[in-house]
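Just add 571 to wherever you are in the sequence shown, counting from 1, and you've got the working numbering.
Here the structure comes first, spelled out in structure tokens, and everything after it is commentary.
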Amino acid sequence: CDPNGGAYKSPTWTSLIYWTQPTSIRLSSDQSIDNLMIYPNPSRDVFNISFTSEEIQDLRVRVLNVVGEEIVVENLQQFVGEYVKQVDLNTYSKGIYFLEIETQKGVINRKLILQ
Numbered sequence: 572c573d574p575n576g577g578a579y580k581s582p583t584w585t586s587l588i589y590w591t592q593p594t595s596i597r598l599s600s601d602q603s604i605d606n607l608m609i610y611p612n613p614s615r616d617v618f619n620i621s622f623t624s625e626e627i628q629d630l631r632v633r634v635l636n637v638v639g640e641e642i643v644v645e646n647l648q649q650f651v652g653e654y655v656k657q658v659d660l661n662t663y664s665k666g667i668y669f670l671e672i673e674t675q676k677g678v679i680n681r682k683l684i685l686q
């Protein structure tokens, strides 16, 4: 602030630039999977992942660490129906991981917190 309580403007600095970074990518209303659930989240070790695919499609389910290394990879060919999986991360460091589900219509990303 300047001495009068107004905004301070520096002759050498430009204005602040604000941006947002999405934590997930949302698909359009015609999503190719439904009922995505991840629980518990946060977790101390095991994450339960489930979703439903109403149409036959190829899917890729991955869990990545913060530097993008694959922890879990599962390629599903011609998948339809209910997907249920337990992912055990008890041998990995505490922190942030990412669930990535790649469908024929896009990619869904969700954050996993390992305590």
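The C-beta atom is built at its ideal place from N, Cα and C for all residues, glycine as well.
Since the model is a prediction, treat every value here as computed from it, not as a measurement.
Item: Environment of Ser-513 [buried if 16+ CB atoms lie within 10 Å]; Value: Since the displayed the chain opens at 572 and closes at 686, residue 513 lies outside it and no answer follows.
Item: Start and end residues, beta strand (DSSP E) containing Ile-684; Value: 677-685
Item: Exposure of Ile-654, with buried meaning 16 or more beta-carbon neighbours within 10 Å; Value: Before going further, note that residue 654 is Tyr rather than Ile in the sequence given. Answer is buried; the Cβ neighbour count reaches 16.
Item: Residue span of the beta strand (DSSP E) that contains Asp-629, given as start and end; Value: 617-636
Item: Environment of Gly-610 [buried if 16+ CB atoms lie within 10 Å]; Value: For the sequence presented, residue 610 should be read as Tyr rather than Gly. It counts as exposed.
Item: Best match in Lys-676, Ile-672, Gln-648 and Gly-677 for proximity to Val-634 [C-alpha to C-alpha]; Value: Ile-672
Item: Glu-673, enclosing beta strand (DSSP E) - first and last residue; Value: 666-674
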